[in-house]
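In what follows, a structure is listed as structure tokens, so that the remarks can point back to it.
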Amino acid sequence: MDEIKPTVKPERLEKGALKREAVLLEAMVRDYCKRHHNDPKGLCDDCRAFLVYALTRLACCPYGEKKPTCAKCKIHCYRAQEKETVRVIMREEGPRMLFQHPILTTEHLIKNLKEAPEKPRNRLAKKKEVDHGR
Ligand code: SF4
Ligand SMILES: [Zn+2]
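Following the working numbering, the numbering of the sequence shown begins with 44 at its first residue and continues without gaps.
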């Protein structure tokens, strides 16, 4: 199985919560593609492009380890088309993943019960605030 990586910051998906999300995301897209598109390459071009996009959003997620589920997020960084794609994939794959990846899926379901934290502030904005407070 060929490795699919985000276009930027791949190191952010190598450990912790973002890695676990990346594993689940990839499993869902691959399973969905296999059932719907059955491409001899393993992953069709559209699903591959979507997976690269979604992994790149994940790698750039400003919440990092505190990432909520995307459904609860107050930022919503996905473009409209990909947001619809992930909604369709997750609706079908959610129940299937409970059997294939029970621990990761349970973690996701628990997270989905929680409210998202406030939007993380970027470091520059924080620094300006500190400077002005001097
Ligand atoms: S939608 Fe929100 S939680 Fe999901 S990757 Fe984008 S910023 Fe992070
Ligand atoms: Zn596909």
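A virtual CB, placed ideally from N, CA and C, is assigned to each residue, including glycine.
For residue i, is the classification buried or exposed, using 16 other Cβ atoms within 10 angstroms of its Cβ as the cut-off for buried?
i: Ile132; result: buried
i: Thr149; result: exposed
i: Ala123; result: exposed
i: Leu67; result: buried
i: Arg177; result: In this prediction, Arg177 scores a pLDDT of 47, lower than 50, which makes its location untrustworthy; no coordinate-derived value is stated.
i: Pro49; result: buried
Taking a contact to mean a Cβ-Cβ separation below 8 Å, would you say residue i touches residue j in this structure?
i: His151; j: Ala70; result: no
i: Ala159; j: Lys115; result: yes
i: Cys120; j: Arg100; result: yes
i: Cys154; j: Ala102; result: This sequence places Lys at residue 154; Cys is not what is there. No, Cβ-Cβ distance for Lys154 and Ala102 is not below 8 Å.
i: Pro110; j: Glu54; result: This sequence places Lys at residue 110; Pro is not what is there. Contact flag unset, no.
i: Met44; j: Gly85; result: yes
i: Leu98; j: Leu56; result: yes
i: Lys245; j: Lys126; result: There is simply no residue 245 to check, as the chain begins at 44 and stops at 177 in what is shown.
i: Ile47; j: Arg91; result: yes
i: Asp82; j: Glu136; result: no
Any heavy atom of ligand 3 within a distance shorter than 7 Å of the CB on residue i?
i: Arg100; result: Because ligand 3 does not appear in the structure shown, any question about it cannot be addressed here, the ligands present being ligand 1 and ligand 2.
Can you check the stretch 109-151 for any alpha helix (DSSP H) of at least 4 residues that lies completely inside it and give the ranges in chain order? Counting only runs of 4 or more, we get 123-143.
* Asked: For ligand 2, which residues count as neighbours when the test is a C-beta closer than 5 Å to any heavy atom?
  -> Here the list is Cys76, His80, Cys87 and Cys90.
Exercise. Where are the beta strand (DSSP E) runs, 3 residues long or more, that stay fully inside the stretch 53-85, in chain order?
Worked result: none
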